[in-house]
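Colleague: Next up is a structure, given as C-alpha cells.
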Amino acid sequence: MALADRYYMREEYHPPWMTTRLIIVLIVAFFIQSALFVYQDVEVNRHFALSLNGLLHGKIWQLLTFQFLHSVPWPWHVLFNCLGLYFVGRQVEQLVGARKFLGLYLMSGVAGGILQALLSLIPRHEDIPVVGASAGVCGLIAIFCSLRPMEEIRMYFLPITIRAHWFLTFLTLFSLYGAVVPYDAVANGAHLGGILFGIAYVRSRRSFWDNLFERFHFPWRKQTNSSTFGTSAKNAPWKRNRATTEPKSTTFISKEVDPILDKISAQGLDSLTDEERKVLEAARKFMR
63 MALADRYYMR EEYHPPWMTT RLIIVLIVAF FIQSALFVYQ DVEVNRHFAL SLNGLLHGKI
123 WQLLTFQFLH SVPWPWHVLF NCLGLYFVGR QVEQLVGARK FLGLYLMSGV AGGILQALLS
183 LIPRHEDIPV VGASAGVCGL IAIFCSLRPM EEIRMYFLPI TIRAHWFLTF LTLFSLYGAV
243 VPYDAVANGA HLGGILFGIA YVRSRRSFWD NLFERFHFPW RKQTNSSTFG TSAKNAPWKR
303 NRATTEPKST TFISKEVDPI LDKISAQGLD SLTDEERKVL EAARKFMR
C-alpha cells in the first residue's frame, strides 16, 4: 500500500522517526564540536576521530565516535551527509524498521572505519584522522539499492535517472578506486567498507543480524505491548484471519489497523504478512 494511503488512514503516523533523530544528533554534535574548536581551541579529533594509531593505543571507541564528528567549522561536510541520510535513511528505515536501521547504520560505519584503518598500513596511505557519517550513509545506500535494485533514482544535480543497482555499481567502483589510489583526503576506504557491509547484510542470511538488533530497545519511545509481537495467535492481533474482515465503523482503524502500523514502524514493511496487507487495503478503501 502506498505511503500516502497510510498517512491518510492515520494522521498521527509520522515519517520514520529514527532518521530524524539521527540527523538532529549529527547537527547538535557539529555545533558543539565547532564551538569547542572556535572558542575553546579544543581539538576533539585528537581523541574521538578514527585513526589506526588511536586504535592501536586502545581507543576502540573511535569506531563509533568518528561517525558523529565532521569537519569544522565549515558546514558543508555535515550538510551533505545529513542530506544523504535524509533521502536514503527514511527509505531504509521503512523497509527494515527503526531498530534495525540504527544498528545497520552504526555497523556500516564500524565496518568502514575498520577498512579505512587497515588501508593505512599500505605504503603511501597516510593515517589521517577520519570523521564523518558517510560510511554509515554509504552502507544504507548499499542496503536500499540491494533491496530495491530496479528502483529509479533521480540525480538532482543531473537531469537523468538511474537504476539503483547501476548507481550502487558506480559508487562501489568509485570508492574502490579511491581506496586503492588515495588521490585526495576523502576516506574512500570508509565508504567502501560501509558499502561492502550493506551488500553483505542483504545477500547473506540476515537472521543473525536481525536477532541482534531485536535485542535493543529504545526507552525514550513508547513501546507496543509485548504481547502484540508474540508468536501466539491468541495474543497477536494480526495473526487472526482478517481477510474477510470488513470495516464497519471508524473503530476498525484503531482496533485492526493501528497494530499493523505499529508493526510497520518497528519492523518495516517487509515484515507484513499477506493477511495484514489485505487488512490495510480494506482500510484504505474504507477511508476513501
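Oh and the sequence shown: position 203 is 265 in our numbering, straight run, nothing missing.
Even glycine gets a Cβ: it sits at the ideal position worked out from N, Cα and C.
Predicted model, so just to flag it, every value in this text is computed and none were measured.
(1) Name the residue from Gln329, Gly330, Asp332, Glu318 whose alpha carbon lies nearest to the alpha carbon of Leu342.
(2) Which two residues bound the contiguous alpha helix (DSSP H) that contains Thr335?
(3) Does the Cβ-Cβ distance between Cys200 and Ala241 come in under 9 Å?
(4) Alpha carbon to alpha carbon, how far is Phe128 from Ile176?
(5) Given this structure, state the Cα-to-Cα distance separating Phe163 from Met80, to the nearest angstrom.
(6) Using only alpha-carbon positions, find the residue among His132, Phe206, Ala344 that is nearest to Phe259.
(7) Can you give, in chain order, each stretch of the alpha helix (DSSP H) that sits fully within the region 111 to 177 and has at least 4 residues?
(8) The beta strand (DSSP E) spanning Met217 covers which residue range?
(9) Indicate the three-state DSSP secondary structure (helix, strand or coil) for Arg346 in the structure shown.
(10) How about Ser24 and Gly198: do their beta carbons lie closer than 9 Å?
(11) Looking at the secondary structure, which residues open and close the alpha helix (DSSP H) in which Arg83 lies?
(12) Hey, Ala34 and Leu147 are a contact pair by Cβ (cut 8 Å); roughly how many whole angstroms apart?
(13) If distances are taken between C-alpha atoms only, which option among Ala249, Gly330, Ile94, Ala344 comes closest to Ala179?
(14) Counting C-beta neighbours from all protein chains within 10 Å, is the total for Arg352 16 or more, i.e. buried, or is it exposed?
(15) Less than 9 Å separating the beta-carbons of Ala204 and Leu230?
(16) Using DSSP's beta-bridge definition, name the partner residues of Ile205.
(17) DSSP three-state call for Arg43: helix, strand or coil?
(18) Buried or exposed: which applies to Gln102, given that a residue is buried once 16 or more other Cβ atoms fall within 10 Å of its Cβ?
(19) Could you give the residue range of the alpha helix (DSSP H) that holds Arg265?
(20) Under 9 Å, do Pro135 and Phe99 count as touching if we go by C-beta distance?
(21) From Thr352 to Glu188, what distance separates their C-alpha atoms?
(22) Beta-carbon separation of Gln124 and Ser113 under 9 Å?
(23) Between Ala173 and Gly255, how many whole angstroms is the CB-CB distance? I'm expecting something under 8 Å.
(24) Mind checking which residues open and close the beta strand (DSSP E) that includes Arg225?
Modeller: Looking at the atomic coordinates:
(1) Glu318
(2) Where Thr335 is concerned, there is no enclosing alpha helix (DSSP H), given that its DSSP letter is neither H nor E.
(3) no
(4) 12 Å
(5) 8 Å
(6) Phe206
(7) 114 to 118, 124 to 127, 138 to 158
(8) 214 to 217
(9) helix
(10) Summary: the structure shown does not reach residue 24, with the chain confined to residues 63 through 350, and so no result is reported for it.
(11) 79 to 101
(12) This structure leaves residue 34 out entirely; the chain is present only between 63 and 350.
(13) Ala249
(14) For the chain, the structure presents residues 63 to 350; residue 352 sits outside this window and is missing.
(15) yes
(16) Its beta-bridge partners do not exist; DSSP assigns none.
(17) In the structure as shown, the chain begins at 63 and stops at 350. Residue 43 is therefore absent and cannot be evaluated.
(18) exposed
(19) 250 to 265
(20) yes
(21) The displayed coordinates of the chain run from 63 to 350. Any statement about residue 352 would go beyond what the structure contains.
(22) yes
(23) 5 Å
(24) 222 to 225
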